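Participant:
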Amino acid sequence: MILTTTEEVPGYAAGEVLGVVSGNTVRAKNVGRDITAGLKSLVGGELEEYTSMLADARTEAYNRMANAAHDLGADAVVNIRFATSQTMGGAAELLAYGTAVKLVPKK
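The sequence shown begins at 604 in our numbering and counts up one residue at a time.
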């Protein structure tokens, strides 16, 4: 399956739009990460524990979106976007979404 942030896939046209697909996950901080991040914030620099947690969450949301498109029989997901929001104190939702399409080769 082709997954892209562009509106089109070079060499193909969208033969059928199957609809919007999405995948999300909500992740919360934990005590171990909070202590490490708190100490790191005193001296400055990247909070690697949170960077890693958010990268994992982004991958999970992306994979769930791709699986939703696969379940629809899509050849591609175009115009993929990511969004994040705080759902409650210490927790964030990551959302991946795009348009699932069937592709036909351009002539």
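Even glycine gets a Cβ: it sits at the ideal position worked out from N, Cα and C. A quick note: this is a predicted structure, and the numbers were derived from the prediction, not measured.
Roughly how many angstroms separate the alpha carbons of Leu-657 and Ala-669, rounded to a whole number?
Facilitator: For the purposes of this step, residue 657 is taken as residue 54 along the sequence shown, with counting starting at 1. For the purposes of this step, residue 669 is taken as residue 66 along the sequence shown, with counting starting at 1. About 18 Å.
Participant: Excluding the 5 residues preceding and the 5 following Tyr-665 in the sequence, name in chain order all residues of the same chain whose CB lies nearer than 6 Å to its CB.
Facilitator: Residue numbering aside, residue 665 sits at position 62 when the sequence shown is read from its first letter. Here the set comprises Ala-699.
Participant: Considering Phe-687, what are the terminal residues of the beta strand (DSSP E) in which it resides?
Facilitator: Within the sequence shown, the letter at position 84 stands for residue 687. According to the sequence provided, residue 687 is Thr. The question's Phe does not apply to it. Start and end: 679-691.
Participant: Does the Cβ of Val-620 have 16 or more other Cβ atoms within 10 Å, making it buried, or fewer, making it exposed?
Facilitator: Indexing the sequence shown from 1 puts residue 620 at position 17. Classification of Val-620: exposed, given that the 10 Å Cβ count is below 16.
Participant: With distances taken Cα to Cα, identify the nearest neighbour of His-673 among Ala-616, Glu-611 and Gly-622.
Facilitator: Taking the first residue of the sequence shown as 1, we reach residue 673 at position 70. Cα-wise, what sits closest to His-673 is Gly-622.
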